[in-house]
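Visitor: Would you mind keeping the following structure in view while I ask a few things?
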Amino acid sequence: MKAILLSEPSLLEYGAPIVIVGDLHGQIRDLLRVLDRFSEGKTPGCLAMRLVFLGDYVDRGINSLEVIMTLVTLKILFPNCVRL
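Per the working numbering, numbering of the sequence shown is gapless, rising by one per residue and ending at 425.
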């Protein structure tokens, strides 16, 4: 995972379609709603849209571990479609 994150440039330019996800604060239900809506892609090995997660993944909610594990898994499975 560290190698994947370090290999990415700090600035990316994406065209549409793209989904920008704000603070999750450990709310797994919110994350699952986003994934349910945008996860079915037409291209094998990719999602329907690129997902950019802005941060504040954990704290406040009771499912912080589940949120971070889901995000890490998504990044490993879809490194070109998920930005953390």
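Positions of the beta carbon are idealized from the N, C-alpha and C atoms, including for glycine.
Predicted, not measured: the structure shown is a model, and the values here were computed from it.
By alpha-carbon positions, which one of Gly367, Val393 and Ile409 ends up nearest to Ile403?
Guide: Along the sequence shown, one-based indexing puts residue 403 at 62. Among Gly367, Val393 and Ile409, the Cα nearest to that of Ile403 belongs to Gly367.
Visitor: Work out the CA separation of Leu425 and Pro350 for me, nearest whole Å.
Guide: Within the sequence shown, numbered from 1, the residue matching residue 350 stands at position 9. Within the sequence shown, numbered from 1, the residue matching residue 425 stands at position 84. If you take the alpha carbons of Pro350 and Leu425, they lie about 12 Å apart.
Visitor: Using the three-state DSSP reduction, which class does Ile403 fall into: helix, strand or coil?
Guide: In the sequence shown, the residue the question calls residue 403 occupies position 62. Three-state result, Ile403: coil.
Visitor: Give every residue of the same chain whose Cβ lies closer than 7 Å to the Cβ of Ile409, excluding the five residues on either side of it in the sequence, and list them in chain order.
Guide: Taking the first residue of the sequence shown as position 1, residue 409 is located at position 68. Once the five neighbours on either side are set aside, the close Cβ partners of Ile409 are Tyr398 and Val399.
Visitor: Could you have a look at Leu392 and say whether DSSP puts it in helix, strand or coil?
Guide: Start at 1 with the first residue of the sequence shown, and residue 392 comes out as number 51. Of the three classes helix, strand and coil, the one that applies to Leu392 here is strand, per DSSP.
Visitor: Which residue's Cα is closest to the Cα of Phe394: Ser405, Ala357 and Lys416?
Guide: By 1-based counting over the sequence shown, the position of residue 394 is 53. The candidate whose alpha carbon is nearest that of Phe394 is Lys416.
Visitor: Going by C-alpha distance, which of Arg401, Leu406 and Ala357 is nearest Leu392?
Guide: In the sequence shown, counting from the first residue as 1, residue 392 sits at position 51. Of the listed residues, the one whose Cα sits closest to Leu392 is Ala357.
Visitor: Let me know the beta strand (DSSP E) ranges lying completely inside the segment 342 to 375, each 3 residues or longer, listed in chain order.
Guide: For the segment 342 to 375, whole beta strand (DSSP E) runs of length 3 or above, ordered along the chain, are 359 to 362.
Visitor: Please identify the residue among Arg378, Asp364, Ala389 and Ser405 whose C-alpha is closest to the C-alpha of Asn421.
Guide: By one-based count along the sequence shown, residue 421 stands at place 80. If we check each option's Cα against that of Asn421, Ala389 comes out closest.
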